[in-house]
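Read top to bottom, the protein sequences are chains A and B.
Each residue of the first sequence is one higher than the one before, counting from 29 in this note's numbering.
Each residue of the second sequence is one higher than the one before, counting from 29 in this note's numbering.
Note that beta-carbon positions come from the ideal geometry of N, C-alpha and C, so glycine has one too.
These numbers were taken from a predicted model, which means no experiment stands behind them.
Comments concern the structure below.
Number of protein chains: 2
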Amino acid sequence: MIQVYTGNGKGKTTAALGLTLRAAGAGKKVYICQFLKGKYYGELRSLKKFKDIKVEQFGAKCFIRRLPRQEDIKLAQSGLRAAKKAILEKKYSLVVLDEINVALKLKLIGLKDVLGLIKCLPKKKELILTGRSAHPKIIKAADLVSEIKEIKHYFKNGIYARRGIEF
Amino acid sequence: MIQVYTGNGKGKTTAALGLTLRAAGAGKKVYICQFLKGKYYGELRSLKKFKDIKVEQFGAKCFIRRLPRQEDIKLAQSGLRAAKKAILEKKYSLVVLDEINVALKLKLIGLKDVLGLIKCLPKKKELILTGRSAHPKIIKAADLVSEIKEIKHYFKNGIYARRGIEF
Numbered sequence: 029m030i031q032v033y034t035g036n037g038k039g040k041t042t043a044a045l046g047l048t049l050r051a052a053g054a055g056k057k058v059y060i061c062q063f064l065k066g067k068y069y070g071e072l073r074s075l076k077k078f079k080d081i082k083v084e085q086f087g088a089k090c091f092i093r094r095l096p097r098q099e100d101i102k103l104a105q106s107g108l109r110a111a112k113k114a115i116l117e118k119k120y121s122l123v124v125l126d127e128i129n130v131a132l133k134l135k136l137i138g139l140k141d142v143l144g145l146i147k148c149l150p151k152k153k154e155l156i157l158t159g160r161s162a163h164p165k166i167i168k169a170a171d172l173v174s175e176i177k178e179i180k181h182y183f184k185n186g187i188y189a190r191r192g193i194e195f
Numbered sequence: 029m030i031q032v033y034t035g036n037g038k039g040k041t042t043a044a045l046g047l048t049l050r051a052a053g054a055g056k057k058v059y060i061c062q063f064l065k066g067k068y069y070g071e072l073r074s075l076k077k078f079k080d081i082k083v084e085q086f087g088a089k090c091f092i093r094r095l096p097r098q099e100d101i102k103l104a105q106s107g108l109r110a111a112k113k114a115i116l117e118k119k120y121s122l123v124v125l126d127e128i129n130v131a132l133k134l135k136l137i138g139l140k141d142v143l144g145l146i147k148c149l150p151k152k153k154e155l156i157l158t159g160r161s162a163h164p165k166i167i168k169a170a171d172l173v174s175e176i177k178e179i180k181h182y183f184k185n186g187i188y189a190r191r192g193i194e195f
């Protein structure tokens, strides 16, 4: 089954993380591939407690707020390869591709690449794709799509991202 | 800060759980109060790994798909008391009130009760309220509101809730 968490609101990555927690609690093995992320995130420290959850990051130290560079493309491409390997590896029941929608939007990876990943998903596995601006063709290919809409956000009141809450 | 995750889409409870994971990873203590839930959920088994996360359930064995009974009201009221205690307890930085919006909608608890909890939140703490149909006054009182909209759901294609994915 293919699930997509998209939209401009807070809660996409955390929804995928919560799902990971639930799956691991039910004895499933999980692989998380984080695109565009490469720095400390509170969740990484927590996930280390689980031998059944593997996380790999394929992004520069800072989440991209600049024009993509060659190194970003290289990292994202490595992410794609790692994701494909995990999808095909028998042991993982759940594969999370965090921020893959944004990696696609920024053209670090191609639409064909992502649709290719979706296509090779074995029937009994679960694939989660997160990130705002999900491509219409990905939405079409998905079995479940949740759009997380920002109704209100404290960032607009001058609150900055806080450790343990936003990262 | 007060965060609300509402809407008819999949991802509200898991978003709160992911936030819990992130907060615990950053060394914060978390209290989770689950209204309307009282049976096995995969996430509970995972959360047991964390000494900094405490979960309590205040619901009947099955998520309510029947008219509320006196016992449901009693349980929800106990949840309210436990939530208030945790909010005021110094050690918790993050308090999650899972499905509280639904408990309110079903009139197991009153609007005044929930607004009262929000009002007594110490300034540096984070309070998360989840559940569809959040009351407009709760949305008004919140600092952040994410509405999780169902764009597509496999339930509509005859797929049932699956262990490790939906619970």
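Residue j beta carbon less than 8 Å from that of residue i
i               : j                : result
Glu71 (chain B) : Arg50 (chain A)  : yes
Ala54 (chain A) : Gly53 (chain B)  : no
Leu75 (chain A) : Phe86 (chain A)  : no
Val32 (chain A) : Ile187 (chain A) : no
Lys77 (chain A) : Lys77 (chain B)  : yes
Leu47 (chain B) : Ile156 (chain B) : yes
CA-to-CA distance, residue j to residue i, given in whole angstroms
i                : j                : result
Lys113 (chain A) : Thr41 (chain A)  : 21 Å
Leu143 (chain B) : Ala169 (chain B) : 8 Å
Lys67 (chain A)  : Glu84 (chain A)  : 11 Å
Lys79 (chain A)  : Lys79 (chain B)  : 17 Å
Ala43 (chain B)  : Ile101 (chain A) : 29 Å
Ala110 (chain B) : Lys82 (chain B)  : 11 Å
Phe195 (chain B) : Leu45 (chain B)  : 12 Å
Asp141 (chain B) : Lys135 (chain B) : 11 Å
Lys133 (chain A) : Ser161 (chain A) : 7 Å
Lys119 (chain A) : Pro164 (chain B) : 45 Å
Ile146 (chain B) : Met29 (chain B)  : 10 Å
Arg94 (chain B)  : Tyr69 (chain B)  : 20 Å
Glu154 (chain A) : Leu108 (chain B) : 36 Å
Ile137 (chain A) : Lys89 (chain A)  : 19 Å
Pro96 (chain A)  : Val130 (chain A) : 12 Å
His181 (chain B) : Thr158 (chain A) : 16 Å
Ser121 (chain B) : Lys65 (chain A)  : 26 Å
Pro150 (chain A) : Phe183 (chain B) : 20 Å
Ser106 (chain A) : Asn185 (chain A) : 38 Å
Cys148 (chain B) : Ala189 (chain A) : 24 Å
Glu117 (chain B) : Arg73 (chain B)  : 24 Å
Ile179 (chain B) : Ile179 (chain A) : 17 Å
Lys152 (chain B) : Leu139 (chain A) : 43 Å
DSSP beta-bridge partners of residue i
i                : result
Asp126 (chain A) : A:Gln62
Leu172 (chain A) : A:Gln31
Leu155 (chain A) : A:Ile30, A:Val123
Gln85 (chain B)  : B:Gln62
Lys180 (chain B) : A:Val173
Listed by chain order, chain E residues near residue i by CB distance under 7 Å
i                : result
His181 (chain A) : Note that chain E does not occur in the displayed structure, where the protein chains are A and B.
Short CB-CB distance (under 8 Å) between residue i and chain B
i                : result
Ala189 (chain A) : no
Ile176 (chain A) : yes
Ala169 (chain A) : no
Ile137 (chain A) : no
Lys56 (chain A)  : yes
Ala51 (chain A)  : yes
Gly70 (chain A)  : yes
Glu154 (chain A) : yes
Lys119 (chain A) : no
Lys77 (chain A)  : yes
Proximity test, Cβ basis, 8 Å: residue i and chain A
i                : result
Arg73 (chain B)  : yes
Lys38 (chain B)  : yes
Ile193 (chain B) : yes
Ala43 (chain B)  : yes
Tyr33 (chain B)  : yes
Leu47 (chain B)  : yes
Any non-hydrogen atom of the ligand FMN within 7 Å of residue i CB
i               : result
Ala88 (chain A) : As for the ligand FMN, it is missing from this structure, which has no ligand bound.
* Asked: Does the segment 171-178 of chain A come within contact of the segment 32-46 of chain B, defined as at least 3 CB pairs closer than 8 Å?
  -> yes
* Asked: Taking one C-beta from the segment 59-66 of chain B and one from the segment 122-133 of chain B each time, how about it: are there three or more such pairs within less than 8 Å?
  -> yes
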